[in-house]
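J.: Here you go, one structure.
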Amino acid sequence: MEAGFHSVSFDASELSAGLYFYKLEAGSFIQTRKMMLLK
Numbered sequence: 661m662e663a664g665f666h667s668v669s670f671d672a673s674e675l676s677a678g679l680y681f682y683k684l685e686a687g688s689f690i691q692t693r694k695m696m697l698l699k
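Numbering-wise, this note's numbering comes out as the position in the sequence shown, counting from 1, plus 660.
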């Protein structure tokens, strides 16, 4: 994948509202972030 802006869409319709963690990995870069899902 080329360097630059990329996006990911996912269907959260079956998830409950709350705090979720996600992990980004690209080569040696690894970052864990949190996301608040509100419904």
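A virtual CB, placed ideally from N, CA and C, is assigned to each residue, including glycine.
Have a look at A663 and R693 and give me their C-alpha separation to the nearest angstrom.
T.: 20 Å
J.: Alpha carbon to alpha carbon, how far is Y680 from S667? Give it in angstroms, no decimals.
T.: 18 Å
J.: In angstroms, rounded to a whole number, what distance separates the CA positions of S673 and M695?
T.: 15 Å
J.: Beta-carbon separation of L684 and Q691 under 8 Å?
T.: yes
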